[in-house]
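In the UniProt record's numbering, the protein residues as written are 1 to 276.
Ideal Cβ placement from N, Cα and C applies to all residues, glycine included.
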């Protein structure tokens, strides 16, 4: 697991492109028969990806976490963006189709990840954060996630937010996780921008063609920066940073938050005239 420390916003003002990408972009999450993870010191969120093909993968990182098992003091949320997956949690099996989500609470000792068909392997994206109580395993499909339809065709930001793990859906200690899908012809998300100093956020961008890109906007409102992101790459967004994006085509992204509160609507809106 790669460990990334938090960066002060005053320091980030001095970063060049390579340094921004090194600190905030996660490039290679999905590699055949590997689990790849980044431990962020922003709210101690772990962002990871697993692509089981011919092997069953085990979620484990004793050396970094210094615990007997991964979920000893953590909770985790998965969304599958690939072929049919099987997650075996302490001997109980759960199948995840594409865009299904699974919440696994603190205290589960063994998590195994596999694909039904190696020719159509699963791609399991996950985010994990510290937890203070044990909650049951819960599954959601995109059909029973809570949809929020936002934006307009004129503003090029028609999109549906699907809330999976949140105060009105799958229950957790502090993790919130969901999926946003932009409609054909729409390219903007979260504009006008916002931030929430009570929570960090992580994004996984996907459903992009090989030559398509997303311009991920970050930074303080009066000191914005950008990162060019391609398909199936993730970005860590600090609590002090805006998080918005514009694509060369429509796209989808998975968002996950952890931090002080458990209120999805807790956002500090930024007037567009204040962005610089």
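- Setting aside the 5 residues that flank it on each side, residue 95 is surrounded in the same chain by 86, each with a C-beta closer than 6 Å to its C-beta; the list follows chain order.
- Assigned with DSSP and collapsed to three states, residue 175 falls in coil, not helix or strand.
- Look at residue 137 here: in three-state DSSP terms it is coil, with no helix or strand label.
- Closest by C-alpha distance to residue 64, out of 80, 32, 121, 38, is 38.
- Taking C-beta atoms under 8 Å as the contact rule, residue 70 and residue 176 fail to qualify, at a distance of about 20 Å.
- The C-alpha of residue 57 lies about 5 Å from the C-alpha of residue 113.
- Sequence-distant Cβ neighbours of residue 140 in its own chain, meaning closer than 6 Å and more than five residues away, are 101, 164, 170.
- Residue range 111-115 is occupied by the beta strand (DSSP E) that includes residue 112.
- Residue 240 places its beta carbon 8 Å or farther from that of residue 203.
- Just so you know, the alpha carbons of residue 226 and residue 45 end up roughly 22 Å apart.
- For residue 181, the CB contacts under 6 Å within the same chain, skipping 5 residues up- and downstream, are 160, 252 in chain order.
- The three-state reading of DSSP puts residue 264 in coil, since its state is none of H, G, I, E or B.
- Contact between the stretch 71-81 and the stretch 115-133 is present, with at least three C-beta pairs closer than 8 Å.
- Residues of the same chain with a CB within less than 6 Å of the CB of residue 40, apart from the 5 flanking positions on each side, are 4, 236 in chain order.
- If the five residues before and after residue 49 are omitted, its C-beta is found closer than 6 Å to the C-beta atoms of 29, 30, 36, 125, all from its own chain and listed in chain order.
- Within the same chain, Cβ atoms closer than 8 Å to the Cβ of residue 221 are found at 193, 195, 242, 270, 274, 275, 276, the five residues on either side in sequence being excluded.
- When only Cα atoms are considered, residue 110 and residue 93 end up about 11 Å apart.
- Closest by C-alpha distance to residue 2, out of 27, 12, 10, is 27.
- Taken through DSSP and simplified to helix, strand or coil, residue 238 comes out as coil.
- Residue range 74-80 is occupied by the beta strand (DSSP E) that includes residue 80.
- Contact annotation: residue 213 and residue 248 have beta-carbon atoms nearer than 8 Å.
- With a contact defined as Cβ atoms closer than 8 Å, residue 217 and residue 185 miss out at about 20 Å.
- Contact annotation: residue 133 and residue 106 have beta-carbon atoms nearer than 8 Å.
- Restricting attention to 16, 135, 25, 82, the CA atom closest to the CA of residue 229 is found in 25.
- Linking residue 12 to residue 257 through their CA atoms gives a straight-line distance of about 21 Å.
- Per DSSP, residue 270 is not a residue of any alpha helix (DSSP H), being assigned neither H nor E.
- C-alpha of residue 6 to C-alpha of residue 21: approximately 14 Å in a straight line.
- CA-CA distance, residue 121 to residue 59, rounds to 17 Å.
- Each of 52, 123, 51, 108 was checked against the Cα of residue 68, and the nearest Cα belongs to 108.
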